[in-house]
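Number of protein chains: 2
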Amino acid sequence: MSVLVVGSVALDTVKTSTGEAAEVLGGSATYCSYAASFFNRVGLISPVGEDMPRKHLDAMAEHNIDTAGLQVVPGGKTFRWTGRYSEDFLERTTESVELNVFGDYDTTVPEAFRDAEYVFLANGAPEAQRAVLEQLDRRKLVFLDTMNLWITEATEALLAVLKQVDGLLLNDEEARLLTGETNLLTAARPKTVIIKKGEHGAVLVSDGRPFVIPAWLTETVNDPTGAGDCFGGGMIGYLKAGQTDFETLKTAASYGTVIASFCIEDFSVARLQTLTLEDIEVRRARFAEMISWD
Amino acid sequence: MSVLVVGSVALDTVKTSTGEAAEVLGGSATYCSYAASFFNRVGLISPVGEDMPRKHLDAMAEHNIDTAGLQVVPGGKTFRWTGRYSEDFLERTTESVELNVFGDYDTTVPEAFRDAEYVFLANGAPEAQRAVLEQLDRRKLVFLDTMNLWITEATEALLAVLKQVDGLLLNDEEARLLTGETNLLTAARPKTVIIKKGEHGAVLVSDGRPFVIPAWLTETVNDPTGAGDCFGGGMIGYLKAGQTDFETLKTAASYGTVIASFCIEDFSVARLQTLTLEDIEVRRARFAEMISWD
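These protein sequence lines map, in sequence, to chains A and B. The first sequence stops at residue 294 when you use my numbering, and every number in between is there. The second sequence stops at residue 588 when you use my numbering, and every number in between is there.
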C-alpha cells in the first residue's frame, strides 16, 4: 500500500438549490480516497457502522480503493452529516452532525497498510491522526487537513501532530483562525501550507515560495460537498507518482483543482465514479489554456 | 492622442489600519490614467474645482498624462470622497461623497483629443460617458467601467452606452446586480466582460472564451483605493500597443494585475509615481512564476 487515507466515511444528506440527496456516501476520507485513486491504489482507514450499505464499500473496491481498513463497529452507526447550501452554493449550513462511530475509534493500522509512504490525514480528531501516523514508519510525505473545531478545541494535540506533517491544508477561515488566535503555524512550521479558497481556488506556500491557482470556472454545480477533500486527495495521489519539489506540487495542485471541479457536478461521489483519467487530462488542458498568458 | 480616459479626478480622504491620507489625489480616471500612461501618452477628461492643487496637475503632466482636458470649473469644488477600510482591507465604507463639479459637467472633448482610438470610460454617469463617446469618430476600442448606482438608477442610459462599447468592467457585486435585476448584459452583449474580484483577481470572458487571473499575493497593502481602475487602465494602455485578440487581452490583464498590485502599496498615486515599466516587468515575471505550472 503506498497512499493511505485516514478520516471520515459518512452518510450525508445534502440539500441544494438543484436537488437533495439523502443518506448518500460522503465523508472527507471518502472524497479524498476517490480523488487519489485515479493515480494509485489507496488504502482507506475509517470506522463505519453496521448500517453502512454494502454497495458503497463494493463501489470503492471497484475504484482502486482498498477497504480492508474500514472497521465495521458492531452495533455502531455510521457518522452522519446533514447540510444545506445557499441558492448560489457559496454558503453552507450544517443542519445536523452525528459523530456516532467516528467519535472514538480504534486507530490500529492493519498490518498490510503499515508500509504506507504517502499519507493523507483527512479532517478528524488530531489525537486519532497522530495515533495513526505513529504506526507508519516508512512515511515519506504526510498531508493533514483540519478544521476550526480542532484548532480551537484541541490546539495542543493538533500542534503535536502538525510537527510531524509535511503539508497542512486549511480553508480561508481556518487560516485566519490559525494565524489569529494561536501561534500554531509558527510553532509547527509545516513545509507546505495550502489554503483552500473554494470558488476562488487555492494558495500554496512551500518553503516560503507562493503559488496561486484559481478554481475551474464551472458551468454545472449540484453539490459542492467534498471539493476540498478531492483537491487534497488529487494532490497526494499525483505526488505519489513523482517528486515532491515545488514544480511537482504545482502540477499536483492542478490535478487537485480539476478533480474537485468534477466532484461538484453531481451529488456524493457519483461524478467521481464515472470519471476517467482521460477526462481529467482533457479538462486540465482546457484549464491551462484558461489561466495562462504569454 | 491615442488613449483617452474619461471619469473622475477627486480629492480623497482615506483611512486604513496602517494610516490616513487627507485630501490626496484620487478619482477613477486619475488611477486609470496613471496605469495606462506606462505604455502610452494619455489624454484625461474630467472636471475639477478651483481648489485642485496645481501640484497634482503638474505631477500628472510629468507622468505622460495630457491634462488639457481637465476643465477647471470657475468657483467649483473638486469631487471629494472619504472612505475607511476594515482592518484587513477587505471591506470599504464610504463616509462621505460630494460630487461637486463632477455632478454635471461640460462633456465637450477638446479638439486635440477627438482622434482618440483607445478609450476608457471610467466610472461615471452613463449620459456623460455617451456624450463623450459620440465625439470620438476614430474610436477603435472602448472599455467602460460602471457601478451599482448607475445599474439601478440609470439603467436605460447605461444600456444605450453599453451598446457602443467593446469591453465592460464590473466588480463581483455589480456583476450579480447586472445579471440578477436586469437584462443589461443580454441586451447590450459587450464583446468582452471583465469581472474584477479584488483580492481574488479577475475573470475575463471574451466572445464566450473564459480567462481567469488571480491577484498578486501582496505583502504590503496600505490603501486599496484605485486598484480596479489601475487594472482597467493598465489593460487599455497595453492594448494600445498591440492587437486586441484573446491572447493579447490575457497579456493585458497580467499588466493590469501587476500595476494594481503596486498601486495598493501606498496611499493615493504615490507608488505609481515612482513606478517604472522595468519594475512592472520584473514583478510580472515573478507573477508568471507564481501562477504557472507544467
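Virtual Cβ for every residue (Gly too), placed ideally from N, Cα, C.
Here B/G369 carries a coil assignment [DSSP, helix/strand/coil]. Here A/L275 carries a coil assignment [DSSP, helix/strand/coil]. Between A/V14 and A/G83 the beta-carbon gap is near 6 Å, inside 8 Å, which marks them as a contact. Residues are counted here when their Cβ sits less than 8 Å from a Cβ of chain A; for the stretch 530-554 of chain B these are E541, K544, T545, A547, S548, given in chain order.
By the C-beta density criterion, B/L338 is buried, having at least 16 other C-beta atoms within 10 angstroms.
Among the residues of chain B, those whose CB is under 7 Å from the CB of A/H200 are H494, following chain order.
B/E344 sits in coil when the DSSP states are folded into three classes, being neither helix nor strand. For A/L217, the chain B residues whose C-beta falls within less than 8 Å of its own C-beta are V497, P504, V506, listed in chain order. Taking the CA atoms as reference points, A/G7 sits about 5 Å from A/A122. Under DSSP, A/E98 takes part in a beta bridge, and its partners are A/R80.
Pairwise C-beta distances place the stretch 269-286 of chain A out of contact with the stretch 491-506 of chain B, as fewer than three of them are shorter than 8 Å. The three-state secondary structure of B/L533, taken from DSSP, is helix. In this structure, DSSP gives A/K250 a helical state, which the three-state scheme calls helix. When C-alpha distances from A/C32 are compared across A/P53, A/V119, A/G19, the shortest belongs to A/V119. One finds E247, T251 in chain A with Cβ atoms closer than 7 Å to the Cβ of B/D588, taken in chain order. Between the C-alpha atoms of B/L453 and B/T486 there is a straight-line separation of about 15 Å.
Within 9 Å of the CB of B/I488, no CB atom of chain A is found; the nearest one sits about 14 Å away. Burial is judged here by how many other beta carbons sit within 10 angstroms of a residue's own beta carbon; B/S322 has at least 16 and is buried.
Across the structure, A/R114 and A/L136 are spaced so that their CA atoms are roughly 5 Å apart. Around the beta carbon of B/K457, a 10 Å sphere encloses fewer than 16 other beta carbons of the protein chains shown; the residue is thus reported as exposed. For the options B/V395, B/V506, B/F525, B/R483, the alpha carbon positioned closest to that of B/V342 is the one of B/V395. Residue contact check for B/I574 against chain A: no CB pair falls below 8 Å. Of all residues in the stretch 557-586 of chain B, those with a C-beta nearer than 7 Å to a C-beta of chain A are M584, I585, S586, reading in chain order. Between the beta-carbon of A/F246 and that of A/R209 there is about 6 Å, and that keeps the pair under the 8 Å contact cut. Ranked by Cα distance from B/F437, the first of B/I489, B/Q365, B/L384, B/R580 is B/I489. In the structure shown, B/T449 falls within a helical segment according to DSSP collapsed to helix, strand and coil.
Apart from sequence neighbours up to five positions away, the residues of its chain that approach A/K240 with a beta-carbon distance below 7 Å are S2, V3, F39, N40, Y118, ordered along the chain.
Out of A/V161, A/A128, A/G124, A/E134, the CA that lies nearest to the CA of A/N148 is found in A/G124. Going by DSSP, A/T192 is part of the beta strand (DSSP E) stretching over 192-196. DSSP places B/E317 outside any alpha helix (DSSP H); the residue lies instead in the beta strand (DSSP E), whose first and last residues are 313-320. Following the DSSP letters along the chain, one finds A/R209 inside the beta strand (DSSP E) bounded by residues 209-213. B/L498 is positioned such that its CB atom lies closer than 8 Å to that of B/L543. Pairing B/T519 with B/M529, the inter-Cα distance amounts to about 18 Å.
Taking B/A422 as the centre and dropping the five residues before and after it, the same chain places the C-beta of V300, Y399, T401 closer than 8 Å to its C-beta, in chain order.
For A/D207, the closest of A/L168, A/P214, A/D229 by C-alpha to C-alpha distance is A/L168.
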